[in-house]
Amino acid sequence: MKILSVFVWSTAMFSIASYAAPSNDLTLAEKELTPIFVKEAGAKITTEQGEEKEWRYPYFVGNTSSRLKQFNSWLRETSIHGLFPQDDVLAEKVLKSKDSQVIAMLKTDKAVQDIAAEVATVSLDKRFGTLFFLTTQSTYRGVGYFINVDSVVYDYAAGKEINIANLFVGEAEQKLSDLLADSIRKTLEKAKRESRACLMKNKKNPGYSCPELNIDADQCINSALFHWGWLYIKDSRHLQYYVPYRPNVAADCGYEDSFEIHGPNVEALFLEPARFKKAVRFTVLPNVESQAKE
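According to mature numbering (1 follows the signal peptide of the UniProt record, and there is no 0), the sequence shown holds residues -20 to -1, 1 to 274 in order.
As structure tokens, then:
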């Protein structure tokens, strides 16, 4: 791959959905989102040493409200801290640099390259009213390889990130842990049935590889302990639990890294289930290559 510093701005526009805001402030915040556009800043480069680095984050245009500016600042700050997960001091220093300068450092500064994550991205998923749901990812190959993937919620009306746990009733964590354990058991039972069927079908083909059969459900449950940041809200009745790569989880759960939690029991755990009936998603337009965002 050639050494490059390509900046991709992906333009997207929010679709508009009616939302019954519970207060005047929420109503005003909702109006500010009609319409706004989202672009993508960042770069995927190959360093002078031949290593690949990827840094991406979204930002919004469409109005000049202080809330939107604050949201954009938070998005960039979150991406920078994901880029330097082991060094908060450097992250704070880099925050003062222009994007083009950050890209230049990633491309040519060996000291920065050694500290920076291999991949650091902030991705937009959807919003429910003024609650924006995003996914952050950091892949780091420094002292110990790890992948951090977390669901993040930003409250546009309040102007800050909120804990996803705050969207649920107080006893939700234990109940969701129990529902997750049930889902893991059912998922692994299905995987075992599929594995047995695969082995039977291919018993005369010893070179054919079938999924792992001997997976202990209890060990998998203990490895994939409930973590709020791995919970993905699809709607008020459907949740998905994604487990990022961890050697111990891969060993205990085999190929399974995603588990569904759904049903009326889920809806009862939301503080405001009506707020999560229907998501407003992003319509992404074709990518347009451009110069680095200053």
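We treat Cβ as the ideally placed atom computed from N, Cα and C, and that holds for glycine.
Of the candidates T110, V129, F250 and L75, the residue whose Cα lies closest to the Cα of T101 is V129. In the three-state reduction of the DSSP assignment, D198 falls in the helix class, which pools H, G and I. Ranked by Cα distance from E240, the first of A161, P227, C190 and R226 is A161. Its chain contains I241 as the residues whose beta carbon lies nearer than 6 Å to that of L159, once the 5 sequence neighbours on both sides are disregarded; these appear in chain order. With a 10 Å radius around the Cβ and a threshold of 16 neighbouring Cβ atoms, Y188 comes out exposed.
Counted as a single uninterrupted DSSP element, the beta strand (DSSP E) harbouring S103 occupies residues V99 to F108. Not a single unbroken stretch of the alpha helix (DSSP H) spanning 4 or more residues falls wholly within the segment 199 to 231. Judged by beta-carbon spacing, V260 lies within the 9 Å limit of R107, meaning their Cβ atoms are closer than that value.
By the beta-carbon neighbour count (other beta carbons within 10 angstroms, threshold 16), Y125 is exposed. The beta-carbon separation of F113 and L249, rounded to 17 Å, does not stay under the 8 Å limit for a contact. The alpha-carbon separation between A71 and K33 amounts to approximately 16 Å. Under DSSP, the beta-bridge partners assigned to H242 are H218. Contact between Q220 and Y212 holds, with the beta-carbon distance rounding to 4 Å and staying under 8 Å. DSSP places I144 within a helical segment (H, G or I) once states are collapsed to three. Under the three-state reduction of DSSP, N4 is assigned to helix. For F64, the secondary structure class from DSSP, reduced to helix, strand or coil, is coil. Its chain contains T119 and R121 as the residues whose beta carbon lies nearer than 6 Å to that of E98, once the 5 sequence neighbours on both sides are disregarded; these appear in chain order. DSSP lists S118 as the bridge partner or partners of N128. R173 counts as exposed, since fewer than 16 other beta carbons sit within 10 angstroms of its beta carbon.
An exposed status is given to D94, since fewer than 16 other beta-carbon atoms sit within 10 Å of its beta-carbon.
Taking 9 Å as the cut-off, the Cβ atoms of I142 and A204 do not count as close.
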